Amino acid sequence: MSKLIAAVDAASLRDDVPDFRPGDTVKVHVKVVEGNRSRVQVFAGVVIARAGGGLRETFTVRKVSFGVGVERTFPVHSPIIDKIEVDRRGDVRRAKLYYLRDRRGKAAKIKEKRAH
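In my numbering, the protein residues as written are 535 to 650.
Below, the structure written as C-alpha cells:
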C-alpha cells in the first residue's frame, strides 16, 4: 500500500520549485479565481518557515501591507501556485523566523547573503 501512496505522491510533485530557504525574499504567483475569471496575484514577502516534507511540505511568507503584518502559508506543490521567484537571499541563523513578528521597521530587516 505504501508503494501506491509513494507513486501517487511522486506524480503530484512539482519539478519547477526553486531552491529557497527561510530568510529569502520571494514572490509567489498565486492563481485566483473570481467568478468565471482567473488571474494571477503576486504575494511578495520573506519566507519565515518551511515545514513538512514531500507532497505535504509548506512554507510561510510574511509581508507588511499598509502597516499590517500579513502571513500566508502555501503548500510547496500546490496547483494554485503558478510560480515562485526568489528575489534575494537572506543571511539568517534560524530555521523558523517567528521573531520577526515582534520586530518593526529596520529591526525586521534581514541581511542579504553575500556571494563568495
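C-beta: ideal position from N, C-alpha, C; glycine also. Owing to the predicted nature of the structure, the values given are computational and were not obtained by experimental measurement.
Problem - Same chain, Cβ closer than 6 angstroms to G586, neighbours up to 5 away in sequence not counted - result: Translated into the one-based positions of the sequence shown, residue 586 becomes position 52. Result list for G586: T592, in chain order.
Exercise for the section: With distances taken Cα to Cα, identify the nearest neighbour of V564 among S536, V602, V610, A544. Expected result: Numbered from its first residue, the sequence shown carries residue 564 at position 30. It is V610 whose Cα lies nearest to the Cα of V564.
Practice task
Identify whether I539 lies in helix, strand or coil by the three-state DSSP scheme.
Solution key: Working through the sequence shown from its first residue, we reach residue 539 at position 5. It is helical.
Problem - Length at least 3, wholly inside the region 588 to 613: the beta strand (DSSP E) runs in chain order - result: 592 to 599, 602 to 609
Problem - Bridge-paired residues (DSSP) for R584 - result: Translated into positions along the sequence shown, residue 584 becomes position 50. BP columns for R584 point to F593.
Handout entry: Simplified DSSP assignment, three categories, for R648
Key = Position 114 of the sequence shown, counting from 1, holds the residue named residue 648. Coil.
Exercise for the section: Identify, in the order they occur along the chain, each residue of the same chain with its Cβ nearer than 8 angstroms to the Cβ of V604, setting aside the five sequence neighbours on each side. Expected result: Looking up residue 604 in the sequence shown gives position 70. Contacts found: G579, R596, K597, V598.
Practice task
Evaluate I614 with the Cβ neighbour count: other Cβ atoms within 10 Å of its Cβ, from every protein chain shown; 16 or more gives buried, anything less gives exposed.
Solution key: Locating residue 614 in the sequence shown gives position 80, counting from the first residue. Exposed is the call here.
Exercise for the section: Determine the closest residue to R590 out of L547, N570, I582, with distance taken between C-alpha atoms. Expected result: Here residue 590 is taken as the residue at index 56 of the sequence shown, counted from 1. Looking at the Cα atoms, L547 is the closest of the given residues.
Practice task
Mark L631 as exposed unless 16 or more other C-beta atoms lie within 10 angstroms of its C-beta, in which case mark it buried.
Solution key: As a first step, residue 631 is located in the sequence shown; it is residue number 97 there, counting from the start. L631 should be labelled buried.
Exercise for the section: Return helix, strand or coil for G557, following the three-state DSSP convention. Expected result: Counting from one through the sequence shown, the residue named residue 557 turns up at place 23. Looking at G557 - three-state DSSP - the assignment turns out to be coil, as it is neither helix nor strand.
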